[in-house]
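Q:
Protein chains in written order, with this note's numbering: chain A, 14 to 213; chain B, 81 to 938; chain C, 3 to 319.
1) Does the beta carbon of residue 56 of chain A sit closer than 8 Å to a beta carbon anywhere in chain B?
2) Residues in the segment 178-204 of chain C with C-beta within 7 Å of chain A's C-beta atoms, listed in sequence order?
3) Please classify residue 308 of chain C as buried or exposed, where buried requires at least 16 other C-beta atoms within 10 Å of its C-beta.
4) Going along chain A in order, which residues have a C-beta closer than 7 Å to the C-beta of residue 43 of chain C?
5) Taking the alpha carbon of residue 202 of chain C as the point to measure from, which residue in C/171, C/235, C/180, C/186 has its own alpha carbon closest?
6) Looking at the structure shown, is residue 604 of chain B part of a helix, part of a strand, or coil, going by DSSP?
7) I want to see whether chain C comes within less than 8 Å of residue 98 of chain A, judged by CB atoms only; does it?
8) Would residue 310 of chain B and residue 778 of chain B be called neighbours here (beta carbons separated by less than 8 Å)?
9) Quick one: which chain C residues come within Cβ less than 9 Å of residue 840 of chain B?
10) Ignore the nearest five residues each way along the sequence and tell me which others in residue 40 of chain A's own chain have a CB closer than 6 Å to its CB.
11) Considering only residues of the segment 155-202 of chain A, which uninterrupted beta strand (DSSP E) runs meet the minimum length of 3 residues and lie entirely inside it, listed in chain order?
12) Who are the near neighbours of residue 111 of chain A in its chain, counting only those whose CB is closer than 8 Å to its CB and skipping five residues on each side?
13) Give the residues of chain F in contact with residue 60 of chain A, contact being defined as C-beta atoms less than 9 Å apart.
14) Please tell me whether residue 75 of chain A has its Cβ less than 8 Å away from any Cβ of chain C.
15) Which residue from B/880, B/476, B/892, B/416 puts its Cα closest to that of residue 94 of chain C?
16) What are the boundary residues of the alpha helix (DSSP H) that includes residue 273 of chain B?
17) Which partner residues of residue 122 of chain C appear in the DSSP bridge assignment?
18) Between the C-alpha atoms of residue 135 of chain A and residue 405 of chain B, what's the straight-line distance to the nearest angstrom?
19) Less than 8 Å between CB atoms is the rule here; does residue 206 of chain C satisfy it with respect to chain B?
20) Name the residue from B/891, B/818, B/903, B/841 whose alpha carbon lies nearest to the alpha carbon of residue 874 of chain B.
21) Thinking C-alpha only, which one of B/424, B/355, B/87, B/275 is nearest residue 170 of chain A?
22) Just the chain B side, please: which residues come within less than 7 Å of residue 216 of chain C by C-beta, in chain order?
23) Would a C-beta distance cut-off of 8 Å place residue 272 of chain B and residue 136 of chain B closer than the cut-off?
24) Who are residue 892 of chain B's beta bridge partners in DSSP?
25) Need the endpoints of the alpha helix (DSSP H) that residue 940 of chain B sits in, please.
26) To the nearest angstrom, how far is the alpha carbon of residue 258 of chain B from that of residue 313 of chain B?
27) Would you say residue 143 of chain A faces chain C, with C-beta separation under 8 Å as the test?
28) Which term fits residue 636 of chain B, buried or exposed, when burial requires 16 or more other beta carbons within 10 angstroms of its beta carbon?
29) Assuming residue 587 of chain B contacts residue 625 of chain B under a Cβ cut-off of 8 Å, what Cβ separation, rounded to an integer in Å, is found between them?
30) Contact check, residue 185 of chain A vs residue 199 of chain A under 8 Å by CB: the rounded distance?
31) Classify residue 735 of chain B: buried if its beta carbon has 16 or more other beta carbons within 10 angstroms, exposed otherwise.
32) If I measure Cβ to Cβ from residue 813 of chain B and keep anything under 6 Å in the same chain, skipping five residues before and after, which residues do I get?
33) Please list, in chain order, all residues of the same chain as residue 153 of chain C whose beta carbon is under 8 Å from its beta carbon, the five residues on each side excluded.
34) Can you say whether residue 30 of chain A is buried or exposed, counting buried as having 16 or more other CB atoms within 10 angstroms of its CB?
35) Does the distance from the CB of residue 504 of chain B to the CB of residue 542 of chain B come in under 8 Å?
Written out as structure tokens, the structure reads:
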């Protein structure tokens, strides 16, 4: 069956709060058919396009959102690569955030997800909660202490400005803008031990 | 990928080798099936009969780690039977170039010439060309104000023979063609079968089928993944596929290419962005103490003498301008010396070496950004013990990964581990906006759909908090080289809040002067990377992304940018959001599924790179039904279904554009010699790929030469490696992913439905080996070698068959690697405790795919 | 091909005017299926069906086939069978199949359902109205494909019990979308459309497979159970796919059809009694029973006893 869909960006933009204001997604005529049945799962949902977070095929997905919560996630039928299809991992992306509780049948936030900053103190066998501000201050202090104590400014008379004592791993999970920011922070600190998931 | 996913459907023959693509890149199934429906033939070469193999027309088994023997045999088969695409080879490759007398390969020893035992490396210049003459490489822009002074490389004219059939030429034997022909003449069908373990009839069928794409109008595509790359000669595995594709004229055409199916959502982006020890964004070299100690040295050694890469200085200097803004000036070498330089022993800073540095107490702090190295890196038990010596560890992730909780592993005693560990809760991919690059180099925009739960934050916000705090400390207290930190430009704000859009401007490139402040005002975005300059007037974080976000109609609106295109036509009445879109072509020009009006493909929205090679020297397409570019001689212009990967036009001073005739448009203008390379000096370990055995091999000798392992294998001497011998551990093991889970499982084991459709870690064992070991299907078994022992359940199957290699029976077992001790739904053990932490000298990739173990019933 | 065995069913068929132009079907082409199980996940996610959350509580049968069978919260599972190879160019004939409601025209479950909870919708697919289900469980015994499953306790007390099975996603279909499983299928092994069209595609595909050397390739569902609304292309023939050669409705199903007017007025005790009778004949409790593939015996895992022998030759399941 052919699904007919019009461009996502043609219709009027909804005004969303805060940082979502510029996203300019709209309700979709294809999925979120208005109110002909109250029990239609996607009634009155807004749709946002995203890209799958697994194999790098770059499959398009549509996130259906009602009242700020994710209601459904499935393949984007307009997308030329996946044409609306998703593999099991992609089709399960909804569960990264929300799952069905197997005891109650209710939709709940996935309890496996970590949503508060945590710290594990030296020698401790448990995590403790910590505020973002406190955590960032502690990390910055660790970074500075380690960097200052190990910084090498010359090798064979050549200015080299690096620290061998800090490493940074990762980036393939982030968006490209974030990759640049991570790279910029890490390299500017003098880190040479930089790698990402390119080899795993 | 040199092409992209949809382009797989244009192939006449598809070859999956080292890629279980239906399982691990399931979207490929759509495009492979379309090719098959159109009459294509699909070959799968794999040690296991996978779900991918089950769909193929021809399945060929292979012993893990012997791909170069397999491909070398194919090259020999092509050359011996003259099945190469001769005109392509003559016109577009360096086959006719003459190599220096100093080139040699000695099958007795397994070494090429140029080896230095003292330095334990090759002097690759021993494999270089015979130079006929040199001319000045200077270009007008190099002397403009603001461009640093340097002497560009001289353009070399190389000695050549007339064609690959110029056998009477006295220099013929020095030609690349003759050298390659001789090199692979040892790779006979019999020898290959004796090394790889398949039978001759199957191998010949594979060779015959794939070599049929040497016909000019035929296209063959190779799909590969970590099965090819995760060997200590993984880079050479990749190179030899390139050799095959060049011989058959399959590079730069629709339905062709050497297609890495990359395994992480934005690993293409992370590679582009140079999140790697030796790289600078856009595949430039990061400054190093040894090769590029000064900016001038970089400018004199890194750019090519001719072709497009004479422009590298523009890309680097625009990159430095983005890094340091107004603090980067021509007088301070644009801040070049503030960047850290890779020290002499740079290799130890790659992943494998990093854990050695921890173990030695040199590395004290570590960041893991959405990566789980405690599970994904080889010799995992050694690694987590090394991590216990860290002072501090910072992990940003969605779950409490094994890396974050390494101190809590079953064999660790937390009270003895003094590492302070911070876990930063990260936003999911649909809880933030930004750009992602797929395998086919398509840059696509992700829309934020929902707010992060609770206190989770996007990584860009985490980065910003961290950077501001660190900068504050250096501002207040000083410290080691504070100028390297305080001179950094950090202005990626909208309304005072960190935001991915100003970063997108930086990735695209824009005009910069001393008053530029991205946080205050949007800059003038550059249309593409050809507008970058080496005089400090442009800024760009990564030149290859130039043009992906260039619509000045509203730089704050991603929806009107090329990255967010959804087949939007240029002539649509109201554009998008009432704003004008950057002009885009039709949905499917040429009817070959390039889809240029969807998103943006770097570089320059080019969908198939090297596309000049899709047409002959006169610009006539090899296949009139699959036209990427074609020269229209009557109109004197290029038909462009794809964005040409060559200088197709010249703009005169008055703005008149004329198209350059085909003979002025070399096919590989990104190469210094303007031709694709068979023999190269660009690899550290060999000018031509040569078969070596895995570090841990089940055979006694290398049948093709006198060296068992590659002489350039990295890290093999480290004590932590604990090499296993075939007498103790006779079984070949390989690791891989399955379609239901992903990588270390941190993301997929958190989804109950994925745990339900594949709940258990398993080892696949063939029926014969299982019978020999008394193992029944489902039994718990212990897999062990010198590095560790790991328990998991056996999946006994007909799909893994023993192979006969050098007269002996070799069994293979396969282990998935998606489990560890963490997670509330499903737990297991860490497969990578068994893998050897040795690697490739070019890419430093570990050898996960072939090593030795033994198995017993638990 | 199966013949319709009972007078009653023939009448039923005629009344329903099978394969009207409007009827739809799901096409499953096993030769395109890569066994990725995306369909299973899409089904669960769209229909909000839970998966086990207790640590390591998921069932595993030393196979890629997980879950091994349909369950109270599993409407669809992909099956894997390793058959002896019929070609020198592959080590095994690896049959990848699909197990879910077949949406029969001559649907035992519909016939037997005393309350009309199970019914054919306008597309010909067998869906259900959960609010009408009284949990009698007749449908479990009536199904020749062993598809419907209980949700909740199997106490036969009535009100708390509901059955679960594939509905064909009528909510999606009525909104112009494909069923969730079909939507997500990357290789195009699943299609949804007019039944006549799906049958045509299936027959062409089977012929193409035969031409490629898959001699046993066949189509299933054209006539079985009066014609099913899931049409299968079987790459390796019937043996690899957990499908009965000659599916039929058991005598009790027919009997219950006769008794339907009586049952429909709500004699719960009678319902329970007949339900227990039907259940004892089938006795599928896969979490405690093991199926011996070689001898086709159902074995009690605890005692090792053969609970039931399945006569495959006779089309029994």
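A virtual CB, placed ideally from N, CA and C, is assigned to each residue, including glycine.
A: Concretely, from the data shown:
1) no
2) 178, 179, 180, 185, 186, 187, 188, 194, 195
3) exposed
4) 101, 104, 105
5) C/235
6) coil
7) yes
8) no
9) 58, 60, 62, 64, 68
10) Bear in mind that the predicted position of residue 40 of chain A carries a pLDDT of just 34, short of 50, making it unreliable; the figure below should be weighed with that in mind. Excluding residues within five positions, the ones whose Cβ falls inside 6 Å are 59.
11) 165-168, 171-183
12) 82, 83, 120, 121, 122, 123
13) No chain F appears in this structure, whose protein chains are A, B and C.
14) no
15) B/880
16) 269-276
17) C/128
18) 40 Å
19) no
20) B/841
21) B/424
22) Those do not exist, as residue 216 of chain C stays about 11 Å from chain B at its closest Cβ, beyond 7 Å.
23) no
24) B/812
25) Not covered by the structure: residue 940 of chain B. The range shown for chain B is 81 to 938.
26) 24 Å
27) no
28) exposed
29) 5 Å
30) Wrong, their Cβ atoms sit about 15 Å apart, outside the cutoff.
31) exposed
32) 893, 931, 933
33) 74, 75, 163, 164, 165, 166
34) Residue placement at residue 30 of chain A is flagged as unreliable, the pLDDT there being 34, under the threshold of 50; a coordinate-derived value is accordingly withheld.
35) yes
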